[in-house]
Amino acid sequence: MNKWLGKGIRLVFLAVLIATMAQPARAQMIGSDPVVQPFCAVFKSPELKVAAELMCEGRLLRTFAGFANERVAFAKMLPMIAVECGEPGAFFDRTKGTIFVCYELGRVVLERIAREAGSGANAQPQFAAGAFFFLFAHELGHAAIHLHRLPVQGREEDAADQIAMLLLTDMADKNREAAPSWASGAHWFVSNRRLFYAPGHFSAEPQPDPQRQLDLACWIYGSDPARYAALAQDAKLPAARAQRCPEEFRQMANAARGMLSSHLKR
Ligand SMILES: [Zn+2]
């Protein structure tokens, strides 16, 4: 098929999808500001129901978008669409200016959590919420970087992680009860994410990256050592490193704030 014709058909498909199938999870307008706007597309495969319900009716998308809108300003609406893709994935589409999160990815995440978490604290709904919030926040980081042409020092993946962590630690500060479970879920997700992202996402890593997992654990722990002591243990943060984590968190948060600069609402 002609390349441009194929692209045109895909664009038409997307427009139809958004116009007729996707239902706004609920308007997220704050005054007249453009915002992160979650959409939930209908799906056909019954096996996606649990993940779709969690992301949509369970309000994970809407909760995250609400926080993001309090924190980050966008020059135009940023759709965040939960959709049946045919494969597990999540990505910011630069040409469409849209974040896509596949229900299939939600399904894989939930299945893996159920398999790995047993019946302990990691089986709690807030643990899964933490994994999803990290995923959403990381993609929002990519969106902010591209939509605002943010000055990225080093790898974009790391910059997206830093923006994600700034958002998540802020969310956690307002939800102290859920915070430790969210943190554990986010850390679990980072330990597993190379399995989750679709081809074309920028994170294609041939190997797991223990350094990145440790950095993330250190930032979370450093944001509030008393609150996240259990995570430091689970992540096996060496004692000498753990001592430096509050300062590492401060530097990371400053770097993320510096990147977002005037796009940060407060
Ligand atoms: Zn990424």
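The sequence shown begins at 347 in our numbering and counts up one residue at a time. We put the beta carbon where it would ideally sit given N, CA and C, even for glycine.
- For the pair serine 530 and phenylalanine 595, the CB atoms are not nearer than the 8 angstroms cut-off.
- For glutamate 503, the shortest C-beta to heavy atom distance toward ligand 1 is below 7 angstroms.
- DSSP places cysteine 386 within a strand segment (E or B) once states are collapsed to three.
- Taking the Cβ atoms as the reference, alanine 518 lies roughly 26 angstroms from tyrosine 449, outside the contact range of under 8 angstroms.
- With at least 16 other beta carbons inside 10 angstroms of its own, asparagine 415 counts as buried.
- Distances from the alpha-carbon of proline 471 to those of Met401, Gly432, Ala428 and Phe413 put Met401 closest.
- Around arginine 458, the same chain offers Asn538 as residues with beta carbons nearer than 7 angstroms, after the five sequence neighbours per side are excluded.
- Here the alpha carbon of serine 607 sits roughly 31 angstroms from the alpha carbon of alanine 581.
- Listed as beta-bridge partners of proline 425 by DSSP are Gln383.
- The closest CA to that of glutamine 499, considering only Phe389, Ser391, Glu393 and Asn600, is found on Asn600.
- Scanning Lys520, Ala477, Thr444 and Asp439 for the CA closest to the CA of arginine 453 turns up Ala477.
- Annotation: the region 425-482 contains the following complete segments of the alpha helix (DSSP H) (minimum length 4 residues), in chain order: 449-463.
- For the options Pro434, Ala483 and Ala588, the alpha carbon positioned closest to that of valine 455 is the one of Pro434.
- Taking C-alpha positions only, glutamine 508 is separated from leucine 424 by approximately 20 angstroms.
- One Cα belongs to leucine 512, the other to glycine 412, and the distance between them is close to 15 angstroms.
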